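Q:
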Amino acid sequence: MSAFIGGINGDPATTMPYGDLHHEQYFDLEQARQNELDYYRNRCFELERQKKEVSLGACVGRKFAVVLVDGDGFFFQKSFFENFSSGGSWAANELYQAVLRNLREGGDIDLDCDVLVNVYASKPGLYKTLLEAGYVEDRLHFDRFFQTFNQSRSLFQFIDCGMGKERVDVKLRDTLHFYSYNAQCQRILVACSHDSGYIAQLERYTYEQVAAKIVLVHGWQSPVTAWQYDQTVFKSTRFDTVFEALPLLSSVGSPTFDPVAPALSDAHETNPENEGHVLIPTVSMASSLSNSNTFDPEAPPFKIETSPVAKEAGTSLSQQRQSGVDRQRLDRTNGIPVNRTGQRVDLRIPTPNHVEQGRFHDRTGSVPCNNAECIFKTKDLHIMDMELAKFVAPS
Numbered sequence: 001m002s003a004f005i006g007g008i009n010g011d012p013a014t015t016m017p018y019g020d021l022h023h024e025q026y027f028d029l030e031q032a033r034q035n036e037l038d039y040y041r042n043r044c045f046e047l048e049r050q051k052k053e054v055s056l057g058a059c060v061g062r063k064f065a066v067v068l069v070d071g072d073g074f075f076f077q078k079s080f081f082e083n084f085s086s087g088g089s090w091a092a093n094e095l096y097q098a099v100l101r102n103l104r105e106g107g108d109i110d111l112d113c114d115v116l117v118n119v120y121a122s123k124p125g126l127y128k129t130l131l132e133a134g135y136v137e138d139r140l141h142f143d144r145f146f147q148t149f150n151q152s153r154s155l156f157q158f159i160d161c162g163m164g165k166e167r168v169d170v171k172l173r174d175t176l177h178f179y180s181y182n183a184q185c186q187r188i189l190v191a192c193s194h195d196s197g198y199i200a201q202l203e204r205y206t207y208e209q210v211a212a213k214i215v216l217v218h219g220w221q222s223p224v225t226a227w228q229y230d231q232t233v234f235k236s237t238r239f240d241t242v243f244e245a246l247p248l249l250s251s252v253g254s255p256t257f258d259p260v261a262p263a264l265s266d267a268h269e270t271n272p273e274n275e276g277h278v279l280i281p282t283v284s285m286a287s288s289l290s291n292s293n294t295f296d297p298e299a300p301p302f303k304i305e306t307s308p309v310a311k312e313a314g315t316s317l318s319q320q321r322q323s324g325v326d327r328q329r330l331d332r333t334n335g336i337p338v339n340r341t342g343q344r345v346d347l348r349i350p351t352p353n354h355v356e357q358g359r360f361h362d363r364t365g366s367v368p369c370n371n372a373e374c375i376f377k378t379k380d381l382h383i384m385d386m387e388l389a390k391f392v393a394p395s
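Taking the UniProt record's numbering, I'd label the letters of the sequence shown as residues 1 to 395.
1. When the Cα of T237 is compared with those of A226, Q228, G219, which residue comes out closest?
2. Let me check one thing: in DSSP terms, what residues is R238 bridge-paired to?
3. Kindly confirm or deny that the stretch 29 to 43 and the stretch 149 to 159 touch, where touching means at least three C-beta pairs closer than 8 Å.
4. Flag this pair as touching only if the stretch 122 to 134 and the stretch 83 to 98 have three or more C-beta atom pairs under 8 Å; answer yes or no.
5. Can you give, in chain order, each stretch of the alpha helix (DSSP H) that sits fully within the stretch 84 to 151 and has at least 4 residues?
6. Hey, is the stretch 110 to 120 in contact with the stretch 155 to 168, meaning 3+ C-beta pairs nearer than 8 Å?
7. For residue 446 and L37, what's the separation of their Cα atoms in angstroms?
8. Near D72, which residues of its chain fall below 7 Å by C-beta distance, leaving aside the five closest residues on each side in sequence?
9. Per DSSP, I159 forms a beta bridge with which residues?
10. Quick one: is S79 buried, meaning 16 or more other Cβ sit within 10 Å of its Cβ, or exposed?
11. Should H23 be labelled buried (16 or more other beta-carbon atoms within 10 Å of its own) or exposed?
12. For D230, count neighbouring Cβ atoms within 10 angstroms of its own Cβ and tell me buried if that reaches 16, exposed if not.
13. With a Cβ-Cβ cutoff of 8 Å, do G88 and F142 count as a contact?
14. Look up L246 in the DSSP assignment and say whether it is helix, strand or coil.
15. Just how far apart, CA to CA, sit E305 and D195?
16. Please work out which residues of its chain come closer than 7 Å, Cβ to Cβ, to L176, disregarding the five sequence neighbours upstream and downstream, and give them in chain order.
17. Could you give the distance in angstroms between the alpha-carbon of R344 and the alpha-carbon of N182?
Given below as structure tokens:
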């Protein structure tokens, strides 16, 4: 048996050993199989990479913005509370539109991103404040407002932090820290600038990348607080269509803010029918906001002057109203506002709501326990006078 395979066309020069041919064919098959394995392995790696990219892109693409509100210092507009049936949902929609306008101004976030809103407040304390200010009529009115606020949007929620001095502050600070380092959170709007106690917490983000996505929502601020927040590096905005631009004050025994105070004061001075009426001290909007963005550390200490009309009304009433003005620190340089003639600016007593009127009728309508005894004694004295008159000779 020949150990060679015939060459091409019987040419012996092209003959090759049978073993070498078998080895070459085996090598070609092994090489083809290895190439096929490499192809499938690379294909699997590529599919796995694409899967991870799609998953990561879906996560990053779901961006959202967060709004954190200190409800003990930022109050919704009074017009929202006047709508009993749907005031909360109206306030939530206005807040949502204000956030979208802020995102549109930034230009770096899609407007279809989710908006998450957390309003932190001490519910008992907030109810008392709104009731005294005349924003709500009773507890049902208060609960109805925040119930419709929570039901308006799935990511809007009013959170009751309970009674406690720092409970709202702690929750807001920890939530801010959590979302600051969240990759999907693109913008954080913080409404807490009424309280300078938050500045120390915000300063920790000054030199970090997350500082670019923190925006402060400003409302009413004292001159000192406004000056302190102006020193921070964070961007700021205002939602004056949503939150009150002036502080809430009690409608009884506390000063009120009114831009038409000088006109009312002039009317009181020229109208003789108003003489003798005791008026509540007030602060005009112009004087209260004249130095809202500046702070003078060398300003003289604030001193309250007593109105002559308040002196005539009684010492206790004067002291009560004076303490109300002390609590609301007025303009440090101008003092109590006056009109063009140099006379003090006052407003008329605010009209009580039906809750206050009910309390007044309950107090005045109660019959004293000695009412019957007083009536009987009066009748007895009258009879004794008549009997005595019979024995007295006419003069």
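Idealized CB from N, CA, C, for every residue including glycine. In this text the structure is predicted, and so the values were computed from the model without any measurement.
A: Per the coordinate set shown:
1. G219
2. H218
3. no
4. no
5. 87 to 106, 123 to 132
6. yes
7. Residue numbering for the chain in the displayed model covers 1 to 395; residue 446 lies beyond these limits and cannot be assessed.
8. A121, S122, G125, L126, V168
9. Y120
10. exposed
11. exposed
12. exposed
13. no
14. coil
15. Note that E305 has pLDDT 48, beneath the 50 cutoff, so the model's placement of it is unreliable and the number below is only indicative. So the two alpha carbons sit approximately 28 Å from each other.
16. L68, I188, V190
17. 54 Å
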